[in-house]
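Novice: My questions all concern the structure below.
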Amino acid sequence: MKARWQTNFVMLKKIHIETHDQSVVTVDVKLDYLQITQCPGPFYQANAFKNTAKCHYQSTYCIPTPGRIPDKRYAIGNYKCECRQGYEYIFNDNAWFYDGQTIENEYQKMEAGLPNRFDTLKCRIAGASAVVANWILIGLLPVALAILNRS
Numbered sequence: 001m002k003a004r005w006q007t008n009f010v011m012l013k014k015i016h017i018e019t020h021d022q023s024v025v026t027v028d029v030k031l032d033y034l035q036i037t038q039c040p041g042p043f044y045q046a047n048a049f050k051n052t053a054k055c056h057y058q059s060t061y062c063i064p065t066p067g068r069i070p071d072k073r074y075a076i077g078n079y080k081c082e083c084r085q086g087y088e089y090i091f092n093d094n095a096w097f098y099d100g101q102t103i104e105n106e107y108q109k110m111e112a113g114l115p116n117r118f119d120t121l122k123c124r125i126a127g128a129s130a131v132v133a134n135w136i137l138i139g140l141l142p143v144a145l146a147i148l149n150r151s
């Protein structure tokens, strides 16, 4: 069964002071052809759902993923949040982005006052793991100097 959305608009047209003409316009839109894009877009682009993605825009940017969920084109969360340059994905898994469906679910939990992890769905400043490596190099520096002084 194909999803459809239907609405009626009533327009009143004043002909004379006491007479009114009434007309009805019916709009029928197939939702199979309607794509929700929640990511930011240009100001001239007509999109009622524009700028509704819940990405952390300081550290991530939004990329629409149309058709990712089969038979659910008219659904929220069809986007992903990828880390901006200078930031890195914090979890050690096979992904490099935050899924829009996960972000939307965690946001709904946060709005309902339930335990959630919405605040963890953002990227960290890149190089955090390099700081650990630098401490290792600083720790090995005296050993390397001792070896060089013996020779």
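If you count the sequence shown from 1, position 129 lands on 129 in the numbering used here, and the numbers rise without skipping.
All residues carry an ideal CB built from backbone N, CA and C; glycine is no exception.
Model, not experiment: these values are computed from the prediction.
1. Since I believe residue 82 is in contact with residue 61 (beta carbons under 8 Å), could you give me their beta-carbon distance rounded to a whole number of angstroms?
2. Quick check on the DSSP output: the beta strand (DSSP E) that includes residue 80 runs from which residue to which?
3. Take the Cβ of residue 38 as the centre, count every other Cβ of all protein chains shown within 10 Å, and call the residue buried at 16 or more, exposed below.
4. Distance, Cα to Cα, residue 51 vs residue 64?
5. Using a threshold of 8 Å, state whether the C-beta atoms of residue 99 and residue 80 are closer than that.
6. I'd like the span of the alpha helix (DSSP H) that includes residue 98, first residue to last.
7. Identify the residues that DSSP records as bridge partners of residue 63: which are they?
8. To the nearest angstrom, how far is it from the Cα of residue 111 to the Cα of residue 127?
9. Our contact map puts residue 90 next to residue 124 with C-beta atoms below 8 Å; I'd like the distance itself, whole angstroms only.
10. Just confirm the distance between the C-beta atoms of residue 104 and residue 77, as a whole number of angstroms; I'd bet it's less than 8 Å.
11. Bridge partners for residue 88 per DSSP, in chain order?
Specialist: Per the coordinate set shown:
1. 6 Å
2. From DSSP, the beta strand (DSSP E) with residue 80 extends over 79-83.
3. buried
4. Rounded to the nearest angstrom, the two C-alpha atoms are 11 Å apart.
5. A distance below 8 Å separates the beta carbons of residue 99 and residue 80.
6. Per DSSP, residue 98 belongs to no alpha helix (DSSP H); it is in the beta strand (DSSP E), 97-99.
7. 80
8. 33 Å
9. 5 Å
10. A Cβ-Cβ separation of about 4 Å places residue 104 in contact with residue 77 under the 8 Å criterion.
11. BP columns for residue 88 point to 124.
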